[in-house]
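To start, the structure under review is shown below, and the notes come after it.
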Amino acid sequence: MPYNVLIVDDSRSMRNVIKKVILASGFQMGECLEAGNGQEALDVLENHWIDIILSDIHMPVMDGFGLLRALKDKPDWSDLPVVLITTESNQDRIQEAMELGAKGYIRKPFRPEDIRKYLRQVMGETEDVELAAGDEECDF
Amino acid sequence: MSNWQPAMKNAISEVLETMFFVLVEFGAQHHPELPCFCGSRIQLYRGSQSEEITFRVTEPFVRMITANFLGKDEDEVDREEMEDVARELANMVGGNYMSRVDDGGWRLGIPQLLSLEGGAGGEDLASCLPLAYLGEAVGTVELRSVSSAG
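These protein sequence lines are chains A and B, in that order.
Read left to right, the first sequence gives residues 11 to 150 (this note's numbering).
Read left to right, the second sequence gives residues 7 to 156 (this note's numbering).
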């Protein structure tokens, strides 16, 4: 079953790279939507069915913490899995994000396999899923 | 954050190698007049303490890393993409550097693009790290403490 993915990052280039990594990874992606900050992500969620969110933390307007709080407060969205892809390294801040409901954390700079692994784990797929052709050479 | 250069060199190397597929050298030779295309800056702060990391890089270098990052040919990347990538470079290096030197409580700001006038700057080699690629100077990284008004 393909999953609809929402990528939230204030860098358009980074959103493009993450999207390419997902496409190259063999992950079954349906629609891929993008948002430049947490508020834009909430606007997207009002109008689209999303299965998983990949979000940065440090963004203008509404950061990743604001997004996690907003999701937690809304029953329809409170179970939506969010994986953070961020430069944040402060363990207290990471812990805070996990307590707010984040399902995982990938630190930038990342390797393509980091994203693939998290996507499969969060969506309940096993890691020994047979890789798509050319997957081992997945790059940007 | 004294003795910052070893941690900064490791942070820059890890980010550039992992995300941009580029190996840079940290040249002892500094060229303050090197014409730089764009600059980006990120702030690290803890209470009233604040440090700024500033990148100034040449046009060919930022074009190359943008092309590598986006998987495009160098002549396909535009100015907006190069500026976005310059900001993201500061963001990732800032976060990586902070993870290496953080002794508790430091926060990372949001990266900004700088309008550049003049060259690479950074006359003071104690706060400035020259970058080179294949033996050619491609820019500088500078770390400055910022005094607080409070």
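Glycine is no exception: its CB is placed at the ideal position from the N, C-alpha and C atoms.
Treat the numbers as computed from the prediction; the structure is a model and nothing was measured.
Q: Would you list the one or two residues that DSSP bridges to A143(B)?
A: A138(B)
Q: Go ahead and label P85(A) buried or exposed: buried means 16 or more other beta carbons lie within 10 angstroms of its beta carbon, across all protein chains shown.
A: exposed
Q) Among residues of its own chain, excluding the 5 on either side of D108(B), which ones have a beta-carbon nearer than 8 Å to its beta-carbon? A) none
Q. Over what stretch of residues does the alpha helix (DSSP H) that includes Q35(B) continue unbroken?
A. No alpha helix (DSSP H) contains Q35(B), which DSSP labels as neither H nor E.
Q. Would you call N57(A) buried or exposed, if buried means 16 or more other Cβ atoms sit within 10 Å of its Cβ?
A. exposed
Q) Between F61(B) and chain A, is there a C-beta pair that is closer than 8 Å? A) no
Q: Please report how far the alpha carbon of G144(A) lies from the alpha carbon of R150(B), in whole angstroms.
A: Summary for G144(A): the model assigns pLDDT 35, below 50, so the residue's position carries little reliability; its value from the coordinates is reported in the next sentence. Approximately 45 Å, taken between the alpha carbons.
**Q.** 9 Å Cβ cut-off: residues of chain B touching N14(A)
**A.** Here the premise fails: no neighbours, minimum Cβ distance about 23 Å.
Q. Residues of chain A with CB under 7 Å from L114(B), in chain order?
A. H68, T97, E98
Q: Give the straight-line distance between the Cα atoms of N74(B) and S65(A), rounded to the nearest whole angstrom.
A: 23 Å
Q. Using a beta-carbon distance below 8 Å, is K118(A) in contact with chain B?
A. yes
Q: State the beta-bridge partners of G114(A) as determined by DSSP.
A: V93(A)
Q: Take the Cβ of E87(B) as the centre, count every other Cβ of all protein chains shown within 10 Å, and call the residue buried at 16 or more, exposed below.
A: buried
Q. Mind pulling the chain A residues with CB within less than 9 Å of D108(B)?
A. S99, N100
(Q) Looking at chain A, is there any beta carbon in it that lies within less than 8 Å of the beta carbon of G100(B)? (A) yes
Q: Consider the Cβ of R121(A): report whether some Cβ of chain B lies at a distance smaller than 8 Å.
A: yes
Q) Along chain A, which residues have their Cβ under 7 Å away from the Cβ of R93(B)? A) S21
Q) Ordered along the chain, which non-local residues of its own chain (more than five positions away) have a Cβ less than 6 Å from that of L119(B)? A) S46, E89, R93
Q: Label D73(A) either buried or exposed according to how many other C-beta atoms from any shown protein chain fall within 10 Å of its C-beta, with 16 as the threshold for buried.
A: buried
Q: Output, in chain order, the set of chain B residues within a Cβ distance shorter than 9 Å of K127(A).
A: Residues of chain B passing the Cβ test: none, with the nearest at roughly 16 Å.
Q. Does DSSP put R47(B) in a helix, a strand or coil?
A. strand
Q: Helix, strand or coil for L120(B), going by three-state DSSP, please let me know.
A: strand
Q | Residue span of the beta strand (DSSP E) that contains R62(B), given as start and end | A | 55-63
Q: Check distances from the C-beta atoms of the stretch 29-48 of chain A to those of chain D and list, in chain order, the residues that come in under 9 Å.
A: Absent from the structure: chain D. Protein chains present are A and B.
Q) If you run the structure through DSSP and keep just helix, strand and coil, what is M39(A)? A) strand
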